[in-house]
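Protein chains in written order, with the numbering used here: chain D, 3 to 139; chain E, 3 to 139; chain H, 3 to 139; chain B, 3 to 139. Idealized CB from N, CA, C, for every residue including glycine.
4 protein chains.
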Amino acid sequence: MDRTGELSEAVHDSAFYRWFGLRLGDVEPGVVTLHLELAEHHVNIQGLAHGGVLATIADAAMGLAVRSAVEPGRRHVTVAMDVHYLRPVARGALSATGRAVRVGRELAFAEAEVADERGRSLVRASGTYSVSRPTED
Amino acid sequence: MDRTGELSEAVHDSAFYRWFGLRLGDVEPGVVTLHLELAEHHVNIQGLAHGGVLATIADAAMGLAVRSAVEPGRRHVTVAMDVHYLRPVARGALSATGRAVRVGRELAFAEAEVADERGRSLVRASGTYSVSRPTED
Amino acid sequence: MDRTGELSEAVHDSAFYRWFGLRLGDVEPGVVTLHLELAEHHVNIQGLAHGGVLATIADAAMGLAVRSAVEPGRRHVTVAMDVHYLRPVARGALSATGRAVRVGRELAFAEAEVADERGRSLVRASGTYSVSRPTED
Amino acid sequence: MDRTGELSEAVHDSAFYRWFGLRLGDVEPGVVTLHLELAEHHVNIQGLAHGGVLATIADAAMGLAVRSAVEPGRRHVTVAMDVHYLRPVARGALSATGRAVRVGRELAFAEAEVADERGRSLVRASGTYSVSRPTED
Chain D
3 MDRTGELSEA
13 VHDSAFYRWF
23 GLRLGDVEPG
33 VVTLHLELAE
43 HHVNIQGLAH
53 GGVLATIADA
63 AMGLAVRSAV
73 EPGRRHVTVA
83 MDVHYLRPVA
93 RGALSATGRA
103 VRVGRELAFA
113 EAEVADERGR
123 SLVRASGTYS
133 VSRPTED
Chain E
3 MDRTGELSEA
13 VHDSAFYRWF
23 GLRLGDVEPG
33 VVTLHLELAE
43 HHVNIQGLAH
53 GGVLATIADA
63 AMGLAVRSAV
73 EPGRRHVTVA
83 MDVHYLRPVA
93 RGALSATGRA
103 VRVGRELAFA
113 EAEVADERGR
123 SLVRASGTYS
133 VSRPTED
Chain H
3 MDRTGELSEA
13 VHDSAFYRWF
23 GLRLGDVEPG
33 VVTLHLELAE
43 HHVNIQGLAH
53 GGVLATIADA
63 AMGLAVRSAV
73 EPGRRHVTVA
83 MDVHYLRPVA
93 RGALSATGRA
103 VRVGRELAFA
113 EAEVADERGR
123 SLVRASGTYS
133 VSRPTED
Chain B
3 MDRTGELSEA
13 VHDSAFYRWF
23 GLRLGDVEPG
33 VVTLHLELAE
43 HHVNIQGLAH
53 GGVLATIADA
63 AMGLAVRSAV
73 EPGRRHVTVA
83 MDVHYLRPVA
93 RGALSATGRA
103 VRVGRELAFA
113 EAEVADERGR
123 SLVRASGTYS
133 VSRPTED
C-alpha cells in the first residue's frame, strides 16, 4: 500500500479524526493537507474558532506530513509546537497544510499553515517531532 | 456575579467545552484549572493523547486565566502559543493550570502546566493574548 | 530618504550592529537580509555558532523587515520569538532574511531564515512585534 | 573538579562569554545564573536592550543549566527556543537564571527568566536541547 493509502486508512480508523471532524486531503511525501468544516462546538466563548482547535489541525497536518516523510515503523511524537494566530475566523471550511521541512535521524521539523476558504492565512505554526524508531526508545 | 461564577456560567454555556469534555476546576484571579478525562477520541493513531488535545487544554486554561485577571468587557484572543511536551500520556484524568504572568494594556502573557493524576508534568506551555477592549479594535 | 537609505543609516549608526558584526544586505519593503561573518567569539564552548548569536541575527532581520514595512515613526518591539535550529554551523558567512508576513494595527508577525554560504537552511524563526505608535504607548 | 569549577573554567576560557560580557553566577545542579551589565552596544536602534541580546543570555543560562544536569561528555545543542519579552529594559545589570526542567535520554527541556536589578521579570524563555552522547551522533 502506498503512503497515501496508508495515511487514509490510519485517519479513517481514528476515533480522534472522526470526533474532531478532520478529513484527509492531498498527500505527497512530506506534504499533507487536512480539511475541517467549522461547527458550533469548535468555537470559543467569544464566537471565534478556539485557539486549541486551530492548533490541533496544524499539529495534525504537521504530524502526518512527518509521518509521510519517514519510513514506515518510525513513530512521530510532538516534542514542541509554536502556533501564531494571524486572523480570527468564525465559520466556514478550513484547510491546514503541513510540510516536513527537515527530517533527521532523531528529530524532524515541520511547518503548517491554516487557511480559510478564500485562501487567507489564519495560522502559521511550526513543530519539532521525535522520529526515533520504537525499538530505540 | 463574581469572577468564578461568571467563568462557570460561560464554560457551562459553551458547546466547545461540552464537546471537548473540559470541566472547570479552581478559579482564582489570574489562575484557572481545567480538568479533562481522556477518552478514546482524544488519542492519536499511536495510542497517545493527541498533541492538539494537550495544546487545547493548555490554551483554554491560559485564556481563562487571562480572562479572570482583566476587567469584564475586555476580550482575550490568542496571539501565539508555545507548547512543550515533556511526557506522553495514554489515559486517565488530566488537569491543566493556567496562570496570567503579566497583563498589560494591550497584551497578556500566560503560562500553563498540564499534569496527570499523579501530578507529573506532561506539558509546559506559554501564550500571548491580545486583551484590547472591543471598541478599540 | 527612502527606506533602504533610512535603514542603512540606522544600522550604520548602531553600536550594536558594529559590535555584533552585522552588515545590512538587500532591503525591500517587508524583506530585509543581514550578513554575518562568523568569528571566534560567535562560537560556543562546543565550537559551534552560539544559539543566541543565530537567534540575534534572526531577530534583527525580522525587526528590520517589520520596520521596513510600517510607516516611519512607528516603533517595533519584539513581543515573542521562536527559533528552530535545523543544522549546526561552525564557521563561514551567514545570511539572515527576515520577512514581514502580516502587519496589523498593533502587532506584526515576521519570519526569518538563516542560511550558510551554500544556501543551506540553518535556522527558521518567527517573531511577534508590537508596532504601536509611540504616542499610543 | 566539581560541576561549578568545570563550568567556571569553560566560561572563563570562552571567547564568546568574554565578548558578550557574560559572567557566571550561582551554579547548582540544573540551575545556573548568569550576569550581564548592559553596555551601549547591547542596545538597539530604539535605545532598548536588543531582543537578541536578551535571547542570548536566556539561551546561555538554559544551556549551562542543562550541561550542569547531565553527565560530563554529553553535548547540549539548542534544538528550539521560545522567548517572551515582558518588559523593555534600557540599562543596568541583568541576571538570567536557567533551570533544567526535564532531562531525558535524547532531549532536555529548560526554562529561563531574565530579571533586572530590582528583580522584575523582563523575559521568560524555554528551550529544547539535544543531549545525545557525541559518539551517538
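By the beta-carbon neighbour count (other beta carbons within 10 angstroms, threshold 16), H:Asp15 is exposed. Restricting attention to E:Leu24, E:His44, E:Glu30 and E:Val45, the CA atom closest to the CA of E:Leu36 is found in E:Leu24. Assignment of beta strand (DSSP E) within the region 20-87 of chain D, counting only whole runs of 3 or more residues, yields 24-30, 33-39 and 79-87 in chain order.
The Cβ atoms of D:Thr130 and D:Ala82 lie closer than 8 Å to each other. Out of E:Arg104, E:Val133, E:Ser134 and E:Ala57, the CA that lies nearest to the CA of E:Ala98 is found in E:Ala57. The C-alpha of E:Gly106 is placed about 21 Å away from the C-alpha of E:Val29. One thing to note: B:Asp61 has its Cβ within 8 Å of the Cβ of H:Gly53. For B:Val85, the residues of chain H that pass the 7 Å Cβ criterion are Ala82 and Met83, in the order they occur in the chain.
The continuous alpha helix (DSSP H) containing H:Gly7 extends over residues Arg5 to His14. For E:Thr130, the closest Cβ of chain H is nearer than 8 Å. Looking only at H:Leu9, H:Ser70 and H:Ile47, the smallest Cα-Cα distance to H:Val133 is reached by H:Ser70.
For H:Glu42, the closest Cβ of chain E is not nearer than 8 Å. A distance of 8 Å or more separates the beta carbons of D:Arg101 and E:Gln48. Flagged as an interface residue toward chain D: H:Val103, by a C-beta distance shorter than 8 Å. Residues are counted here when their Cβ sits less than 8 Å from a Cβ of chain D; for the region 108-120 of chain B these are Glu108 and Leu109, given in chain order.
Comparing alpha carbon positions, the residue from B:Val103, B:Arg135 and B:Ala92 closest to B:Leu124 is B:Ala92.
Residue environment: E:Ala110 is assigned as buried (16 or more neighbouring CB atoms within 10 Å of its CB, all protein chains considered).
The continuous beta strand (DSSP E) containing E:Gly129 extends over residues Ser123 to Ser132.
DSSP, read as helix, strand or coil, puts E:Ala17 in helix. Residue pairing by DSSP places H:Glu113 opposite H:Arg101 and H:Ser128 in a beta bridge.
Pairing E:Glu115 with E:Gly94 gives a Cβ-Cβ distance that is not under 8 Å.
E:Ala95 is bridged by DSSP to E:Glu39. Of all residues in the region 88-101 of chain D, only Leu88 and Arg89 come within less than 9 Å of chain H when Cβ atoms are compared, listed by chain position. E:Ala41 is classed as exposed because its beta carbon has fewer than 16 other beta carbons within 10 Å across all chains shown. Counting only residues of its own chain and dropping the five nearest sequence neighbours on each side, D:Arg135 has a CB closer than 6 Å to the CB of Arg76.
Setting aside the 5 residues that flank it on each side, D:Ala67 is surrounded in the same chain by Gly32, Val33, Val34, Gly100, Arg101, Ala102 and Ala112, each with a C-beta closer than 7 Å to its C-beta; the list follows chain order. Taking each of E:Ala51, E:Val45, E:Leu50 and E:Arg20 in turn and checking the Cα distance to D:His43, the smallest one comes out for E:Arg20. Between E:Ser128 and B:Arg126, the C-beta spacing is below 8 Å. Sorting E:Ser10, E:Asp4 and E:Arg122 by C-alpha distance to the C-alpha of E:Ala63 places E:Ser10 at the top. When the Cα atoms are used, D:Thr80 and D:Leu38 turn out to be separated by approximately 21 Å. Within 10 angstroms of the beta-carbon of D:Ala51 lie 16 or more other beta-carbons, which makes it buried. Here the alpha carbons of H:Ala117 and H:Glu73 stand approximately 29 Å from one another. With a cutoff of 8 Å on beta-carbon distance, E:Phe22 and D:Val45 are scored as not near each other.
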